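A.B. asks: Chains as they are written, first to last, in this note's numbering: chain V, 1 to 633; chain Y, 1001 to 1503.
Even glycine gets a Cβ: it sits at the ideal position worked out from N, Cα and C.
These numbers were taken from a predicted model, which means no experiment stands behind them.
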Amino acid sequence: MQLLESVSAMSSTGLMVWLLVAIPLASAAFLLLAGKITDGWGHLLGTLAPIASFVLGLVLFLQLLGSPGDDRAINVDLYQWIATGNWTIELGFLVDQLSILFVLLVTGVGSLIHVYSIGYMAHDERRRRFFAYLNLFIAAMLVLVLANNYLVLFLGWEGVGLASFLLISFWAHRPSAAAAGNKAFIVNRVGDLGLSMAVFTMLAMFGSVRFEEVNAGVANLSPTWVTLIGFFLLLGACGKSAQVPLQSWLLDAMEGPTPVSALIHAATMVTAGVYLVVRSHVIYEAAPIATTAVAIVGTVTLLAGAWIGTSKDDIKKVLAGSTMSQIGYMMLAAGLGPVGASFAIFHLITHGFFKANMFLGAGSVMHGMNDDVNMRHYGALAGPMKITALTFGMGYLAIIGFPFFAGFYSKDHIIEAAFQQNTVYGVLALIGAGITAYYMTRLMMMTFFGKKRWEDGVEPHESPLVMTVPLIVLAILSVVAGLFMNGWIQDWLAPTTGQEPHNTPLVHFTTIGLLTLAVVAVGVAIGWFLHKGDIPREAPATKNPLVHAGRNDLYGDALNEHVIIRPAKGLSAGLGAFDRGVADGAVMGSAAVAAGVGEWFRKLQNGYVRSYGLTAGVGLLALAVVVLIGQLA
Amino acid sequence: MTFPLLTVLALVPIIGAIVLIFVKGQVGKLVGYGFALTTLVLGVLAFILHTQGAALAEDVSWIPAIGAHYALDLDGMGAILVLMTVILVPVVLLAEWHVGDHETARWSGSTFFALALLMQGLALYVFMASDILLFYVAFEATLIPTYFLIGGYGGPRRRAAAIKFLIYSLAGGLVMLVAVAGVYAATAAQGSPSFLIGDVVGLDMGTNMARWLFVGFFFAFAVKAPLVGLHTWLPDTAEQATPGTSTLLVGILDKIGTFGMIKICLQAFPEATQWATPVILIWAIVSMLYGAFMAFGAKDLLRLVSYTSISHFGIMVFGIFALTTQSITGSIFYMLNHGLSTAALFLVVGFMIRRRGTADIDAYGGVQKVAPVLAGFLLLSGLSALGLPGMGSFIGEFLVLAGSWQRYPIHIAFLVLAMVLAAVYVLRMYKTTMTGEVTEQVTTHVTTDLTLREKAVVAPLIALLLLFGFFPKPVLDVADTAAQNTMATVGVTDPAPQAEEGN
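#1: What are the start and end residues of the alpha helix (DSSP H) that includes residue 1140 of chain Y?
#2: Measuring alpha carbon to alpha carbon, tell me which residue in V:539, V:575 and V:131 is nearest residue 376 of chain V.
#3: Going straight from the alpha carbon of residue 423 of chain V to that of residue 326 of chain V, what length do you get?
#4: Please determine if the region 1133-1149 of chain Y and the region 1105-1125 of chain Y are in contact, where contact requires at least 3 C-beta pairs separated by less than 8 Å.
#5: Can you tell me whether residue 1164 of chain Y is buried or exposed, with buried defined as 16 or more other CB within 10 angstroms of its CB?
#6: Between residue 207 of chain V and chain Y, is the shortest Cβ-Cβ distance under 8 Å, so that the two count as touching?
#7: According to DSSP, is residue 1129 of chain Y helix, strand or coil?
#8: Measure from the alpha carbon of residue 1215 of chain Y to the alpha carbon of each residue in Y:1105, Y:1179 and Y:1346, then state which is nearest.
#9: Taking residue 77 of chain V as part of the beta strand (DSSP E), name the residues at either end of that continuous run.
#10: Below 8 Å between beta carbons: does that hold for residue 1261 of chain Y and residue 1317 of chain Y?
#11: Quick check for students: name the residue ranges of the alpha helix (DSSP H) that lie wholly in the region 128-209 of chain V, counting only runs of 4 or more.
#12: Where does residue 1057 of chain Y sit, in a helix, a strand or coil, going by DSSP?
#13: With DSSP as the reference, please indicate the residues paired to residue 89 of chain V in a beta bridge.
#14: Judging by CA-CA distance, which residue of V:196, V:161 and V:208 is the nearest neighbour of residue 185 of chain V?
#15: In its own chain, which residues sit with a C-beta less than 7 Å from the C-beta of residue 332 of chain V, not counting the 5 before and 5 after it?
#16: Quick one: what's got a C-beta closer than 6 Å to residue 249 of chain V's C-beta in the same chain, skipping five residues either side?
#17: Examine the ligand PLP and report whether any of its heavy atoms sits within less than 7 Å of the Cβ of residue 1472 of chain Y.
#18: Going along the region 1319-1333 of chain Y in order, which residues come within less than 8 Å of chain V, judged by CB to CB distance?
#19: Using 10 angstroms around the beta-carbon of residue 355 of chain V, count the other beta-carbons present and answer buried if the total reaches 16, otherwise exposed.
#20: With 8 Å as the threshold, decide whether the Cβ of residue 243 of chain V is near any Cβ in chain Y.
#21: Name, in chain order, the residues that DSSP records as bridge partners for residue 1360 of chain Y.
#22: Within the same chain, show all residues whose beta-carbon is closer than 7 Å to that of residue 1151 of chain Y, passing over the 5 residues directly before and after it, in chain order.
#23: For residue 374 of chain V, which three-state DSSP category applies?
#24: Return the bridge partner residues of residue 95 of chain V from the DSSP annotation.
#25: Would the beta-carbon of residue 1275 of chain Y fall within 8 Å of that of residue 1211 of chain Y?
#26: Helix, strand or coil for residue 1408 of chain Y per DSSP?
#27: Smallest Cα separation from residue 216 of chain V: which of V:159, V:280 and V:191?
#28: Could you give the DSSP three-state label for residue 1385 of chain Y: helix, strand or coil?
#29: Short of 7 Å Cβ to Cβ, which residues in the region 1215-1247 of chain Y face chain V?
#30: Using only the alpha-carbon positions, how far apart do residue 1035 of chain Y and residue 1148 of chain Y sit?
#31: Considering just the uninterrupted stretch of the alpha helix (DSSP H) at residue 413 of chain V, what are its terminal residues?
#32: Using the beta-carbon of each residue, which ones in chain Y are nearer than 9 Å to residue 196 of chain V?
#33: Reducing DSSP to helix, strand and coil, say where residue 1073 of chain Y ends up.
#34: According to DSSP, is residue 1365 of chain Y part of a helix, a strand, or is it coil?
#35: Could you tell me the alpha carbon to alpha carbon distance between residue 1201 of chain Y and residue 1268 of chain Y, rounded to whole angstroms?
#36: Where residue 1464 of chain Y and residue 517 of chain V are concerned, what is the direct C-alpha to C-alpha distance, given to the nearest angstrom?
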């Protein structure tokens, strides 16, 4: 086999890259196929797999660090996947400055979430299967970020979509979970239309989908097609990253177990759209209109997500709205052109830490509150759940951009870059920061402070060590990641983003930076003031159209229902009637005749064989006649 | 004379069918299964020999008066479809092992086996014939065993369905017969009458004649690989026939349609092909959409699966007539994978229906809880049907879409909607049957998960789909060569990449 040959001929580096993906994939396959006999220890194997990948990723990272700056990309072609006509598409991986950061994020945060899940899923009888799906996700996500061409990227892209579907609908006996899984997959498929058409266009235009060949070819392509590719890719990114107008699936996706929300729907998979845009920066540099569209989508989503975050009582949905919003920031940054690309990735990584931290924290709270997600039933949980509250607090300070915490650096850069590009983006991003501060303060107040509003019999308790240790690690990262990466990440990413590094010192307060802090302070103050008093256990009815819209996900579902789903169902029903009536009508008529004829045949000939024989005989006769005519002609 | 492998390959199952007239019962089924496995070995051998360039052609004069030959050969596309045929028959026989035990069955299980083997042998003749008359005779002869397979086993209204199937097929066949006669007339007019495809290719028969003959053949093939309007026999048949019969029908026999379009329509009538292409492309898109929307609204699980096939045939036909190397390669590769994929879907759904006793989709709910393996296989088959990357069907569908995009981006912008629509109908089916709380009826009826035999039926199909999804190269190379030959015969070249360096 070609695969075995290429593996055996591979350098040790190549082998590591290949194992990085193969280990979690093999683990997933094993856990699914081996069945019940692995129930006792399957979760441990499933946890070791991403840890092994993380170690391999770390070794590769150190290797890249030790190489000279312009010689850091490692290309590993495994085997020829598809070859037809003048197209050849390799199944190959590319380890470079951009992909290795994702590898570390996915396997690092992934490992922590696996560990956490050992505790969180301890009482679920299908825990082994859960770990198999998580491993499948890790493998697919690694394929996505390591791909060296757009089709392999698409393979990973659809793979994570499948894993996401399986995990959202993990508790499929709940109709809402099953529906949410379907919705996620189908809405993502709409986005995939875009990515597919981008791939088609690349093949038609360049005869290749390899990143370097596509990048090299862009210069020779007409601006119309470059712009179209940009828009196609953006459509794909909108689906995967839950950006307006394909955002509606993410809130429903919270039906999945909380570790899934943390890993897939906050820290890693949903940021794949940002990765796609940054990876395609050469295309976007040649397509200013498409780039502007990216920035607009990001800006709209950062506000829409924040708005939704302000009006939800379900703690996971607040965090989901917040995720949309934060990815909106990343998109905005990616849409600012070369200036913003590395800031987008910077924020993506810090967000991966603090949002995973908060989601897992929310899971810990739910664990102590009998799986209740309604914040109106919480209150004063800082007492019984000290570690959870403290680690959550670190995430809170990071996301609102408290000085020297992770989000302070990454978000500030985006807001400043937005102001440089266009004041409108800047102002809107600034407003978004204020709203973020408000809804996160609201969440903190309703959950950890104020008066306790638990029902009798609910006894909140701290989660076991296996869950709190990952929280502590992520909390530390939420605090220090910005300090560590701030000065380094731009230089590191420069070769893959085409960006000239700016000088961004650690302690540096610009006018815009100070303004941002002021807006955040106002948001925090309002959030504190409005939620320091009594909070009713039932959501009060509201006439405020803003709150009403927020509670209903800004009517995204209603829009889909009326514009797409109902017309499609109507069309389907109409076609059904057509199929029975018109298309089949003629045939049913002939079938009635046929049945009559058949009846007659049976009476006449008494058997199927003969009736067929007669028909065949007629056919042969016709043949003979035609042949005769042919001879005569 | 060398060993006539192709004749032996086609005759083994037919002999098997004859043997089963005398050997009945459980032994008969085992003997029949032995013949199916022998055919599998021979078919795989023929495929491998073909890839190594062995000369397998056979040519004996058959009816000298009209220039008919008993001529067999294996071209790339034929080799792939032979491979699919020899794989599917043993799978179907294993799935329908107990078909004769049902009260409704008209004949015994060994008769089912005999009919399936007979159909297989005739289908192999169709895929290997290089004489149009031989092709036609085998093509029509497949109707006989198929008719009895539909009429003898399955639901209460199966006889009406069998007749409907027969009428449609005969209508198509008769039109083709006229075209076959026309081929004779055309070659006879050139001096020596012949039905050999090699003699017909490149024959100058006049534009009008060629167009008429093209339409004659295309009509018959469009009934087989049903395009919308000529399709209504398929859902009715699938609803009434056993899932095994439907698999043979949709998996193997319907492929004769797409096979014939490339083998005869494209190669023998290149000018007429290009003349008809604009209409056929639109027709194919409408078929894709129509099938998908019908699958979306279908209440009967078996009808649902058959509508997905109508949708997928639309994609295959589009790929054939888009006339690029990649799209034709994609169509050929898709034929193989669609065969495996539809087989998996029909058979898994069949296992489920056999437990619950009804094909009504609303009679299910929560099956995943009681039969997780069944649920897993249904999901995997469905994922293949919706063209998930990693599955062989993705490679086929992708190459059709991407290959066609080079010429017809606007058309493809519509055809690509198949990706979303397929996700909708597959996941709707999965959600309705498998998820939610377990209903009481499901608990009563679905008491067992898949048996070992049933797992052995579906697992190889899924394994092959995954194999072809990740390692398509060996088979894809064969399809690619076939597509390049077709392109050369038709006299069309691929559009060059538009942004070559130096432009």
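C.D. replies: Taking the definition as stated:
#1: Here residue 1140 of chain Y refers to the residue found at position 140 of the second sequence. Start and end: 1132-1141.
#2: For the purposes of this step, residue 376 of chain V is taken as residue 376 along the first sequence, with counting starting at 1. Selected option, being the one with the closest Cα: V:539.
#3: Counting from 1 along the first sequence, the entry for residue 423 of chain V is found at position 423. Counting from 1 along the first sequence, the entry for residue 326 of chain V is found at position 326. Whole-angstrom Cα-Cα distance: 19 Å.
#4: yes
#5: Looking up residue 1164 of chain Y in the second sequence gives position 164. Label assigned to residue 1164 of chain Y: buried.
#6: Your numbering for residue 207 of chain V matches position 207 in the first sequence. So yes, residue 207 of chain V belongs to the interface.
#7: Position 129 of the second sequence, counted from the first residue, corresponds to residue 1129 of chain Y. If DSSP states are grouped into helix, strand and coil, residue 1129 of chain Y belongs with the strands.
#8: Within the second sequence, residue 1215 of chain Y is the residue found at index 215, counting from 1. Among Y:1105, Y:1179 and Y:1346, the Cα nearest to that of residue 1215 of chain Y belongs to Y:1179.
#9: On the first sequence, residue 77 of chain V is found 77 positions in, with the first residue counted as 1. Its beta strand (DSSP E) spans residues 74-84.
#10: By one-based count along the second sequence, residue 1261 of chain Y stands at place 261. By one-based count along the second sequence, residue 1317 of chain Y stands at place 317. Yes, Cβ-Cβ distance for residue 1261 of chain Y and residue 1317 of chain Y is below 8 Å.
#11: 150-168 and 175-206
#12: By one-based count along the second sequence, residue 1057 of chain Y stands at place 57. Residue 1057 of chain Y: coil per DSSP, three-state reduction.
#13: Start at 1 with the first residue of the first sequence, and residue 89 of chain V comes out as number 89. For residue 89 of chain V, which the question treats as bridged, DSSP gives the partners V:82.
#14: The sequence position of residue 185 of chain V within the first sequence is 185, counting from 1. For residue 185 of chain V, the nearest C-alpha among the options comes from V:161.
#15: In the first sequence, the residue the question calls residue 332 of chain V occupies position 332. Closer than 7 Å at Cβ, skipping near neighbours: 295, 298, 299, 302, 414, 418, 425 and 429.
#16: Against the first sequence, residue 249 of chain V aligns to sequence position 249. These residues qualify, in order along the chain: 183, 184 and 187.
#17: This structure lacks the ligand PLP; in fact it carries no ligand of any kind.
#18: 1324, 1325, 1326, 1329 and 1330
#19: For this step, residue 355 of chain V is matched to residue 355 along the first sequence. Buried, by the Cβ-count rule.
#20: Here residue 243 of chain V is taken as the residue at index 243 of the first sequence, counted from 1. Taking Cβ atoms only, chain Y never reaches closer than 8 Å to residue 243 of chain V, which makes this a no.
#21: Taking the second sequence and counting its residues from 1, the one referred to as residue 1360 of chain Y is at position 360. Paired residues: Y:1300.
#22: For this step, residue 1151 of chain Y is matched to residue 151 along the second sequence. Closer than 7 Å at the Cβ level, and outside the excluded window around residue 1151 of chain Y, lie 1158, 1159 and 1162.
#23: Translated into positions along the first sequence, residue 374 of chain V becomes position 374. DSSP places residue 374 of chain V in strand when its eight states are reduced to three.
#24: For the purposes of this step, residue 95 of chain V is identified with residue 95 of the first sequence, where counting begins at 1. Per DSSP, V:74.
#25: If you number the second sequence from 1, residue 1275 of chain Y lands on position 275. If you number the second sequence from 1, residue 1211 of chain Y lands on position 211. Cβ distance < 8 Å, so residue 1275 of chain Y and residue 1211 of chain Y count as in contact.
#26: Locating residue 1408 of chain Y in the second sequence gives position 408, counting from the first residue. In the structure shown, residue 1408 of chain Y sits in coil (DSSP, three-state: anything other than H, G, I, E or B).
#27: Residue numbering aside, residue 216 of chain V sits at position 216 when the first sequence is read from its first letter. The residue with the shortest Cα to Cα distance from residue 216 of chain V is V:280.
#28: Translated into the one-based positions of the second sequence, residue 1385 of chain Y becomes position 385. Helix, per DSSP.
#29: 1229 and 1232
#30: Numbered from its first residue, the second sequence carries residue 1035 of chain Y at position 35. Numbered from its first residue, the second sequence carries residue 1148 of chain Y at position 148. The straight-line gap from Cα to Cα measures roughly 20 Å.
#31: Walking along the first sequence from the start, residue 413 of chain V turns up at place 413. Per DSSP, residue 413 of chain V belongs to the alpha helix (DSSP H) from 406-421.
#32: Within the first sequence, numbered from 1, the residue matching residue 196 of chain V stands at position 196. Neighbours of residue 196 of chain V on chain Y, chain order: 1398, 1401, 1402, 1416 and 1419.
#33: Translated into the one-based positions of the second sequence, residue 1073 of chain Y becomes position 73. The answer is coil: DSSP assigns residue 1073 of chain Y none of H, G, I, E or B.
#34: As a first step, residue 1365 of chain Y must be located in the second sequence, where it is residue number 365. It is coil, neither helix nor strand.
#35: Along the second sequence, one-based indexing puts residue 1201 of chain Y at 201. Along the second sequence, one-based indexing puts residue 1268 of chain Y at 268. Taking the straight line from one Cα to the other gives about 5 Å.
#36: Here residue 1464 of chain Y refers to the residue found at position 464 of the second sequence. Here residue 517 of chain V refers to the residue found at position 517 of the first sequence. Those two C-alpha atoms are separated by around 59 Å.
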